[in-house]
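Asker: Residue numbers (the numbering used here): 3 to 547. We put the CB at the ideal spot given by N, CA and C, even for glycine. Starting off with a structure, shown below.
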C-alpha cells in the first residue's frame, strides 16, 4: 500500500511540471476489492484488494522526446493477470527518441509493426495485461517521401524484465505511384524480414537457434476499389508442446492475407481471406501458447466481427495458428470474413426521414486440411483446402433513427462454435442471438440507453438473457446497471449483474462499480485472455495532463 501511495505522489508531482507544457502524461488505475459470493464462490486468494497502476510521462525538447512508464501492482495485480506483474512498483519502460525530417531514432523501449503485423507487432493493452514492447533500438530513415527503411533490434518485455530471445528486423516501404508521379492510382510495395534468435540446448545437430520470417506485400487503390496482399514465409523452427522444446521435430510456416474492398457514398464492401500455417512466433520458444499472450513477436488477431453485446461475446473465436499434435492435430487455420455496409437515403421508403444504416457480416474459419504422423511428429497440409469447421458467424445490424429523440439498433447473430478444436475440450455449439437497443435523448445533454438480448442454444450452458440500462445525466455523469442470466443452465443458474457510475471532468474520468465477472474469455481487438469468475467492487481512474 505504501508503494501505491508513492505512485499517487509521483502523479501529483508530475502534474505540477506538466504546467510547463514540455511535460505530458497519463495515469491509469484499475482497482478491485473481491468479496465472497455464494454463486461465484468464496475468494480464497491472498489480498482481497488489488490494484494495477500505470504512470506514463513524456517530455519534449527540440527534436528529442524522452519518456518512461512506471507501473505499480499493489499489493498484487488483478486476478488472472500475468504473475510476472506481481511486483509492488517498478520502472517498466523508458525511451529517448530523436526525430528530424528524414531520421527517426529510438533507444530504450519502443513499439513497432511491420505490414499487417503477420511477422512483427509490439503493442500495449492494459485491459488485457499485455505489453510486448521491445527494449533495444529502432532507426527509421526516409531519404525520399516515397521511400522508408526501418531497422530494429531488441528483446521483448515480459513483466519487469525482458526475453532471452533477441529480435532483429528490417522493413522497407516504397510508394511506387508517388515516385513515378501517377495520380490516378496508388501502388505501394513492402518487404520485411524478422529474425528471432534464442540459444537453447538442442539434441538435433542441424537445429538453428535463429528463426527467420520474410514478408512481401502490395497495396493497390484506384477509384473506389482497394486491395492489399501479404505473403509470409517462416523458416524451420522447433515444435513446442506443453512447454517442452522438441528440436528433433522441425517445421516451416507460412501465411497469406488478402483484402479486397469497394467503397462509395452509402455503400462499403470489404472481404478478407487469411491462411495461417504454423505461424505462432514467440520471443522465447518455450512460452508458445501461454494463456497470458506474453512474448508474442507477431500479431494474429481473430478476423471476426467485434461485437458490443455481452451475450455475443460468450462464444468468441480465437485464432488457431499453432502446430500441435496433442491432444488433437492442428496445423493452422483458413477462412474469410466479409462486411457489407449500406446507408438507405433519407426520404426513401427504407430510409425514412432520417435514413437507415444496414451492416452485414459473415465470417467462417476452418482448420487446414492436413494429415498428421503423430508418432514421428510430422504433417502435410494442403494449401487451399478446408479441413474441420471451427467457427461461423453470420450477423446483421440495422440502425434506425425514428425522430430527434429516439433511435434504435436491431441485431441478429447466428453462430457455430467448435469447442473441441477452439478450446481443445469437447462439444459443438449452434446458437442464435438477438438484441434490441434503444436510445432516448431528452433535454440537451441527457439520454437513456436500454438493450435486451437473448441467446438460444440447446448445447453447452444453454439459453441466456441479458439487459442493460444506462442513464447519462450529462457529458460528465452517468449510471448503469446490467445483468446476464444463464437461465437455461441445468447445473448452475446465475445472474452476472453489474451496477456502477462514472464521473468525467476535463481529461479525468472516475468509475465505480460492483458486480460479478462472468468467467471465460475477455477479448479486445481480436486478442483474448481467460478471466475467472469473481465478485467485487471496482474503481477506475484515468487522467491525462
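#1: In whole angstroms, what is the alpha-carbon distance linking residue 1 and residue 502?
#2: Going by DSSP, name the residue or residues bridged to residue 339.
#3: Is the Cβ-Cβ distance between residue 141 and residue 107 less than 8 Å?
#4: For residue 184, which three-state DSSP category applies?
#5: Smallest Cα separation from residue 347: which of 359, 122 and 422?
#6: Give me the Cα-Cα distance between residue 60 and residue 174, rounded to the nearest whole angstrom.
#7: Looking at the structure shown, is residue 423 part of a helix, part of a strand, or coil, going by DSSP?
#8: Among 81, 270 and 24, which one has its Cα closest to the Cα of residue 519?
#9: Once you ignore the five residues that flank residue 399 on each side, which residues in its own chain have a CB closer than 6 Å to its CB?
#10: Flag residue 336 as yes if its beta-carbon sits less than 8 Å from any beta-carbon of chain D, otherwise no.
#11: Can residue 438 and residue 461 be called in contact, C-beta distance under 8 Å?
#12: Inspect the beta-carbon positions of residue 264 and residue 222 and report whether they are closer than 8 Å.
#13: Return the first residue and the last residue of the beta strand (DSSP E) that residue 105 is part of.
#14: Drop a sphere of 10 angstroms on the beta-carbon of residue 83, count the other beta-carbons inside from all chains shown, and report buried for 16 or more, exposed for fewer.
#15: Could you check which residue in 145, 103, 112 and 495 has the C-alpha nearest to that of residue 463?
#16: Which ranges does the alpha helix (DSSP H) cover as unbroken runs of at least 4 residues, wholly within the stretch 119–186, from first to last along the chain?
#17: For residue 314, does the three-state DSSP call read helix, strand or coil?
#18: What number of angstroms, rounded off, separates the C-alpha of residue 198 from the C-alpha of residue 112?
#19: Report back the beta-carbon spacing between residue 306 and residue 365 to the nearest angstrom; my notes put them in contact at under 8 Å.
#20: Note down, in chain order, each residue of its chain lying with its Cβ closer than 7 Å to the Cβ of residue 289, except the 5 sequence neighbours on either side.
#21: May I ask you to report which of helix, strand or coil DSSP gives residue 87?
#22: Less than 8 Å between C-beta atoms, sequence neighbours within five positions excluded: which residues of the same chain meet that for residue 522?
#23: In angstroms with no decimal places, state the Cα-to-Cα distance between residue 540 and residue 31.
#24: If contact is defined by three or more beta carbon pairs under 8 Å, each pair taking one atom from either stretch, is the stretch 257–277 in contact with the stretch 415–427?
#25: Taking residue 300 as the reference, give the member of 42, 286 and 471 with the closest Cα.
#26: Among 130, 379 and 384, whose alpha-carbon lies nearest the alpha-carbon of residue 249?
#27: Report all residues from its chain with a CB closer than 6 Å to the CB of residue 546; omit the five preceding and five following residues, and keep chain order.
#28: List the DSSP bridge partners of residue 497.
#29: Just confirm the distance between the C-beta atoms of residue 78 and residue 57, as a whole number of angstroms; I'd bet it's less than 8 Å.
#30: Start and end of the beta strand (DSSP E) containing residue 430?
#31: Beta-carbon within less than 7 Å of residue 491's beta-carbon, same chain only, minus the 5 sequence neighbours each way: which residues are those?
#32: Decide if the stretch 161–178 is in contact with the stretch 190–206; the criterion is three or more beta carbon pairs, one per stretch, under 8 Å apart.
#33: Can you give me the Cβ contacts of residue 204 inside the same chain, cut-off strictly under 7 Å, excluding the 5 residues immediately before and after it?
#34: Figure out for me which residue from 435, 182 and 251 has the closest Cα to the Cα of residue 148.
#35: Can you check DSSP and say which residues form a bridge with residue 195?
#36: Using a Cβ distance threshold of 8 Å, determine whether the stretch 153–167 contacts the stretch 123–137, with at least three qualifying pairs required.
Answerer: According to the data block:
#1: In the structure displayed, the chain extends from 3 to 547; residue 1 sits before or after that span and is not available.
#2: 274 and 365
#3: yes
#4: Coil, per DSSP.
#5: 359
#6: 28 Å
#7: If DSSP states are grouped into helix, strand and coil, residue 423 belongs with the helices.
#8: Among 81, 270 and 24, the Cα nearest to that of residue 519 belongs to 81.
#9: Answer for residue 399: 361 and 413, listed in chain order.
#10: Of the chains in the structure shown, none is chain D; there is only one protein chain.
#11: no
#12: no
#13: 105–112
#14: buried
#15: 495
#16: 178–181
#17: Reduced to three states, the DSSP call for residue 314 is helix.
#18: 17 Å
#19: 4 Å
#20: 296 and 297
#21: helix
#22: 316, 532 and 533
#23: Cα to Cα, residue 540 sits roughly 10 Å from residue 31.
#24: no
#25: Looking from the CA of residue 300, the closest CA among 42, 286 and 471 belongs to 286.
#26: 379
#27: Non-local beta-carbon contacts of residue 546 in its own chain, meaning distances under 6 Å to residues more than five positions away in sequence, involve 28 and 509 in chain order.
#28: Note: residue 497 sits in a beta bridge opposite 487.
#29: Contact doesn't hold; Cβ gap of about 18 Å is too wide.
#30: 430–444
#31: 463 and 464
#32: The stretch 161–178 vs the stretch 190–206: in contact.
#33: 249
#34: Its Cα nearest to that of residue 148, the residue 182 stands out among 435, 182 and 251.
#35: For residue 195, the beta-bridge partners assigned by DSSP are 172 and 216.
#36: yes
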